[in-house]
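Student:
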Amino acid sequence: MIPLAAAAALSLSTSAYAQEQAVKIAHVGPITGPIAHLGKDNENGARMAIEELNKQDITLDGKKTRFVLMAEDDASDPKQATAVAQKLVDAKVAGVIGHVNSGTSIPASKIYYDAGIPQISPSTTSAKYTQQGFNTTFRVVANDSQLGGALGRYAANTLHAKTAAVIDDRTAYGQGLAEEFIKAAKAAGMTIVATQYTNDKATDFNAILTSFKAKKPDVVFFGGLDAGAGPMLRQMKQLGIQAKFMGGDAICTSDLPKLAGDGISNDQVICAEAGGVEESGRKALDAYKTAYKIKYGKDIVIYAPYTYDALMTMVDAMQKAKSADPKKYLPELAKIHHQGVTGMISFDAKGDIRDGSITLYTYRGAQRSQLTVTK
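Going by full-length UniProt numbering, the residue at position 166 of the sequence shown is 166; the numbering climbs one at a time, nothing skipped.
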């Protein structure tokens, strides 16, 4: 027979155990394929957030809560993305952080919306993502209209470029970004002398660049990823094209100098990150970057801090609602004001971040060098 004291202790222990719950939050990104480095970087940011949250004493729905990260690979493929999305719905995740690129986030968002599961993307920039009327869809970075517009205006007003040749990879991201650049560049008085397209797996751009060379553009703009930008820069050098090279956040990575090799020269590349902080917020972001490097032994690629903030913002909404039930915390997420390492996060009626910043960079040696932060 169990002594009464021991039985009471066992009863209390069992009761406490029963009051614990595991809340599943998913991260989805390309962990395989040509931009796996971007997906893994974001996943690392999500893991940092989960580990920090689990060190806290968080109670939701009246239960001590432990967060579990479900990390999934969409290989930056829309079909795989929708399959993963359905898998996560079936697993009854409380929320989704991701996907990384527009071409996967957009089709997956319909599946999450139909299931009532909130989705916060840390890096999707296509304007279409938040124009679908889904109240479950959010992002913590600026969109292509802001990115492309900032780059087009910078080309005309700061670089004093008169002409540009444009190439995009036909993804939702690349095409949308190129269109916004063209619109802003033309509005600022520039002439677009050529437009071409490729795909997001291509690495041979000699034919396109040879046609560009004859036009002598001041700027070559690429709507695509760093995996394509690296070879493109090497081939531009081989062909003797002296133009400035411009692109969006997906080329604005710490990996670009490695991918471009000796094809990149100082101040040749101008790229824009869909985020960034003013000087007043620099200390918090720098502290995060230092912690990331200590933990993973390498610098962030680009959007790990935004992934960290996206997950922290989602859990902040859960805490305000005192529940991990999407139906209960979604209204809190829509009206959230969360101070993150990348700045203040709140959303407009579409789910876009309010007052999203754009940071323009160039490269000197192997290092990214900040040029300006703009809204």
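All residues carry an ideal CB built from backbone N, CA and C; glycine is no exception.
If you draw a straight line from the C-alpha of Q238 to the C-alpha of Q339, how long is it?
Tutor: On the sequence shown, residue 238 is found 238 positions in, with the first residue counted as 1. On the sequence shown, residue 339 is found 339 positions in, with the first residue counted as 1. The straight-line gap from Cα to Cα measures roughly 47 Å.
Student: Grouping DSSP H, G and I as helix and E and B as strand, with all else coil, what is D168?
Tutor: Along the sequence shown, one-based indexing puts residue 168 at 168. Residue state, collapsed to three classes: strand.
Student: Check each candidate in A22, E72, S109 and name the one with the smallest Cα separation from Q131.
Tutor: To locate residue 131, count along the sequence shown from 1; it is residue 131. Measuring from the Cα of Q131, the nearest candidate turns out to be S109.
Student: For the alpha helix (DSSP H) that F212 lies in, which residues bound it at each end?
Tutor: For the purposes of this step, residue 212 is taken as residue 212 along the sequence shown, with counting starting at 1. Run containing F212: 206 to 213, per the alpha helix (DSSP H) assignment.
Student: Among residues of its own chain, excluding the 5 on either side of Y296, which ones have a beta-carbon nearer than 8 Å to its beta-carbon?
Tutor: Working through the sequence shown from its first residue, we reach residue 296 at position 296. Cβ within range, chain order: N44.
Student: Taking all protein chains shown into account, decide if A161 is buried (16 or more other Cβ within 10 angstroms of its Cβ) or exposed.
Tutor: As a working note, residue 161 is residue 161 in the sequence shown. Label assigned to A161: buried.
Student: How should A57 be labelled, buried or exposed, when 16 other C-beta atoms within 10 angstroms of its C-beta is the threshold for buried?
Tutor: Here residue 57 corresponds to residue number 57 of the sequence shown, with the count starting at 1. Going by the sequence as given, residue 57 is Asp instead of Ala. The residue in question, D57, is exposed, as its Cβ has fewer than 16 Cβ neighbours within 10 Å.
Student: Any beta carbon from chain C within less than 8 Å of L256's own beta carbon?
Tutor: Of the protein chains in the structure, only one exists, and it is not chain C.
Student: Give the straight-line distance between the Cα atoms of G365 and V89, rounded to the nearest whole angstrom.
Tutor: By one-based count along the sequence shown, residue 365 stands at place 365. By one-based count along the sequence shown, residue 89 stands at place 89. Those two C-alpha atoms are separated by around 45 Å.
Student: Give the single residue among Q21, L69, G62, A22 whose Cα lies nearest to the Cα of Y308.
Tutor: Position 308 of the sequence shown, counted from the first residue, corresponds to residue 308. Selected option, being the one with the closest Cα: L69.
Student: Just the Cα atoms here: how many angstroms apart are P231 and A321?
Tutor: In the sequence shown, counting from the first residue as 1, residue 231 sits at position 231. In the sequence shown, counting from the first residue as 1, residue 321 sits at position 321. Rounded to whole angstroms, P231 to A321 spans 49 Å at the Cα level.
Student: Taking 8 Å as the cut-off, decide whether the C-beta atoms of L360 and Y154 are in contact.
Tutor: Residue mapping note: residue 360 aligns to position 360 of the sequence shown, counting from 1. Residue mapping note: residue 154 aligns to position 154 of the sequence shown, counting from 1. In this structure, Y154 lies closer than 8 Å to L360 by Cβ.
Student: Quick one: what's T359 bridged to in DSSP?
Tutor: Here residue 359 refers to the residue found at position 359 when the sequence shown is read from its first residue. Partner(s): E273, V373.
Student: Is it buried or exposed for K216, if we count other Cβ within 10 angstroms and need 16 for buried?
Tutor: For the purposes of this step, residue 216 is identified with residue 216 of the sequence shown, where counting begins at 1. By the 10 Å Cβ count, K216 comes out exposed.
Student: Quick test of the definition: if touching needs 3 or more C-beta pairs under 8 Å, does the stretch 238 to 257 touch the stretch 278 to 289?
Tutor: Short answer: they don't touch.
Student: Quick check: G248 and L147, are their CB atoms within less than 8 Å of each other?
Tutor: In the sequence shown, counting from the first residue as 1, residue 248 sits at position 248. In the sequence shown, counting from the first residue as 1, residue 147 sits at position 147. In this structure, L147 lies closer than 8 Å to G248 by Cβ.
Student: Let me confirm a value: N42 is counted as buried when at least 16 other C-beta atoms fall within 10 Å, else exposed. Which label applies?
Tutor: Along the sequence shown, read from residue 1 onward, the residue named residue 42 stands at position 42. Buried: at least 16 other Cβ atoms inside 10 Å.
Student: With a CB to CB cut of under 6 Å and the five nearest residues on each side skipped, what residues in its chain are close to A324?
Tutor: What you label residue 324 is simply residue 324 of the sequence shown in a count that begins at 1. Only V23, L60, A94, M318 meet the Cβ criterion.
Student: Count the other CB atoms, across all protein chains shown, that sit within 10 Å of the CB of I97; report buried if there are 16 or more and exposed otherwise.
Tutor: As a position in the sequence shown, residue 97 is number 97, starting the count at 1. Label assigned to I97: buried.
Student: When we look at the beta-carbon of A187 and count the other beta-carbons within 10 Å, is it buried (16 or more) or exposed?
Tutor: Here residue 187 corresponds to residue number 187 of the sequence shown, with the count starting at 1. Exposed, because fewer than 16 other Cβ atoms sit within 10 Å of the Cβ of A187.
Student: So what's R234 in DSSP terms, helix, strand or just coil?
Tutor: Indexing the sequence shown from 1 puts residue 234 at position 234. The answer is helix: DSSP assigns R234 an H, G or I state.
Student: Is it right to say A229 is buried, meaning 16 or more other beta carbons lie within 10 angstroms of its own, or is it exposed?
Tutor: As a working mapping, residue 229 is identified with position 229 in the sequence shown. Buried: at least 16 other Cβ atoms inside 10 Å.
Student: Name the DSSP bridge partner or partners of L60?
Tutor: Here residue 60 refers to the residue found at position 60 when the sequence shown is read from its first residue. In DSSP, L60 forms a bridge with K63.
Student: Please confirm if the stretch 118 to 127 is in contact with the stretch 266 to 273, defined as three or more CB-CB distances below 8 Å between the two stretches.
Tutor: Touching, no.
Student: Taking the alpha carbon of I192 as the point to measure from, which residue in K201, E179, T203, D200 has its own alpha carbon closest?
Tutor: As a working note, residue 192 is residue 192 in the sequence shown. Taking only the C-alpha atoms, the option nearest I192 is E179.
Student: Could you compute how far the alpha carbon of I117 sits from the alpha carbon of L311?
Tutor: In the sequence shown, the residue the question calls residue 117 occupies position 117. In the sequence shown, the residue the question calls residue 311 occupies position 311. Whole-angstrom Cα-Cα distance: 14 Å.
Student: What distance in whole Å lies between the Cβ atoms of I264 and L233, which are believed to be in contact at a cut-off of 8 Å?
Tutor: Taking the sequence shown and counting its residues from 1, one reaches residue 233 at position 233. Taking the sequence shown and counting its residues from 1, one reaches residue 264 at position 264. Sure, about 5 Å apart at Cβ, within 8 Å.
Student: Would A71 and H27 qualify as a contact pair, given that the criterion is a beta-carbon distance under 8 Å?
Tutor: Taking the sequence shown and counting its residues from 1, one reaches residue 71 at position 71. Taking the sequence shown and counting its residues from 1, one reaches residue 27 at position 27. Yes, they are a contact pair.
Student: When we look at the beta-carbon of D355 and count the other beta-carbons within 10 Å, is it buried (16 or more) or exposed?
Tutor: In the sequence shown, residue 355 corresponds to position 355, counting from 1. When all chains shown are included, D355 counts as exposed.
Student: What distance in whole Å lies between the Cβ atoms of D169 and N143, which are believed to be in contact at a cut-off of 8 Å?
Tutor: Within the sequence shown, residue 143 is the residue found at index 143, counting from 1. Within the sequence shown, residue 169 is the residue found at index 169, counting from 1. Contact flag wrong, Cβ pair sits at about 18 Å.
Student: State the beta-bridge partners of residue 379 as determined by DSSP.
Tutor: As shown, the chain starts at 1 and ends at 375. That puts residue 379 outside it, with no answer to give.
Student: With a threshold of 8 Å on Cβ separation, who are the neighbours of E20 within its own chain once the five nearest residues in sequence on each side are excluded?
Tutor: The residue labelled residue 20 in the question sits at position 20 within the sequence shown. Only K63, K64, T65, R66 meet the Cβ criterion.
Student: What does a CB cutoff of less than 7 Å around E51 pick up in its chain, not counting 5 residues either side in sequence?
Tutor: Locating residue 51 in the sequence shown gives position 51, counting from the first residue. Excluding positions up to five away in sequence, the list is empty.
Student: Is the Cβ-Cβ distance between P78 and K201 less than 8 Å?
Tutor: Taking the first residue of the sequence shown as 1, we reach residue 78 at position 78. Taking the first residue of the sequence shown as 1, we reach residue 201 at position 201. For P78 and K201, no; Cβs fall outside 8 Å.
Student: Return helix, strand or coil for G33, following the three-state DSSP convention.
Tutor: Residue 33 sits at position 33 when you count from the first residue of the sequence shown. G33: coil per DSSP, three-state reduction.
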